[in-house]
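First up is the structure itself, then whatever we jot down about it.
Have a look at this one:
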């Protein structure tokens, strides 16, 4: 059970931390009929952001922005044996894994379970009247806690963001975009303003409902697939909880 929950939330955290450096960060989660869960996260850095990151971190141009080996090692040390991290190019990252949920508690036996005891309330799965509900909660406290579980050099990207979810400073999304413009320039700020985090969840049966608590987010579902979209600037500045929910 711990393998499943930590893996799922680690992916979401990577989306949040690395999303600013990405043109179109994407997270896909799929639950099969047999209980296998597959995950895939991909991100690619734009030239402008690459230059900014290298400038502020002192990273040589001969080195990739992401240390795939260290990210994979960190997640495996957390107990995630079935995980593969790739860096197709110097500015892109791909993380994928498949976990057999049946090795833990069968889904049909669950009533209400906190899936991430290390960070209580982050991820939960429940069942009521034959309907299963997966809830993912993102908050500053949760992101700061998970930040301590990934490689330090990856965590340093969070410091470059100076985002309220990490600093605790109260800034609106527009004020945060202005801050990024002042520190990193208008091009970086424009990319942040236009960036969205996308999450796709595919369930083993027809999805009955999907929602996101933040009013700036969008969700749509059809058949067995639900798709969420949230402005990255909103994710990085919202100091309350954001809850993603899928019912099937």
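In mature numbering (1 follows the signal peptide of the UniProt record, and there is no 0), the protein residues as written are -28 to -1, 1 to 220.
Even for Gly, the Cβ is constructed at its ideal location relative to N, Cα and C.
Taking a C-beta distance under 8 Å as the contact criterion, residue 216 and residue 108 qualify as a contact pair. Between the stretch 60 to 72 and the stretch 169 to 181 there are fewer than three C-beta pairs closer than 8 Å, too few to call the two in contact.
In the structure shown, residue 166 falls within a helical segment according to DSSP collapsed to helix, strand and coil.
In the DSSP assignment, the residues bridged to residue 55 are 69.
Membership of residue 190 in any alpha helix (DSSP H) is not indicated; the residue belongs instead to the beta strand (DSSP E) covering 190 to 194.
Per the coordinates, the alpha-carbon of residue 205 lies some 15 Å from the alpha-carbon of residue 154. The residues 36, 38, 40 and 65, in chain order, have a CB closer than 7 Å to that of residue 59 in the same chain once the five nearest residues on each side in sequence are set aside.
Of all alpha-carbon atoms in 170, 152 and 169, the one lying nearest the alpha-carbon of residue 162 is that of 152. For residue 152, the enclosing alpha helix (DSSP H) begins and ends at 145 to 156. Beta-bridge analysis with DSSP links residue 199 to 172 and 192.
For residue 160, the three-state secondary structure derived from DSSP is helix. Burial state of residue 45 is exposed, judged by a 10 Å Cβ sphere holding fewer than 16 other Cβ atoms.
Take the alpha-carbon of residue 139 and the one of residue 18: they are about 25 Å apart. Residue 220 is a Cβ neighbour of residue 175, given a cutoff of 8 Å.
In its chain, beyond the 5 residues on either side, 213 have a beta carbon closer than 6 Å to the beta carbon of residue 111.
The continuous alpha helix (DSSP H) containing residue 26 extends over residues 19 to 29. For residue 38, the three-state secondary structure derived from DSSP is coil. In the DSSP assignment, residue 206 falls outside any beta strand (DSSP E) and lies within the alpha helix (DSSP H) extending over 204 to 209.
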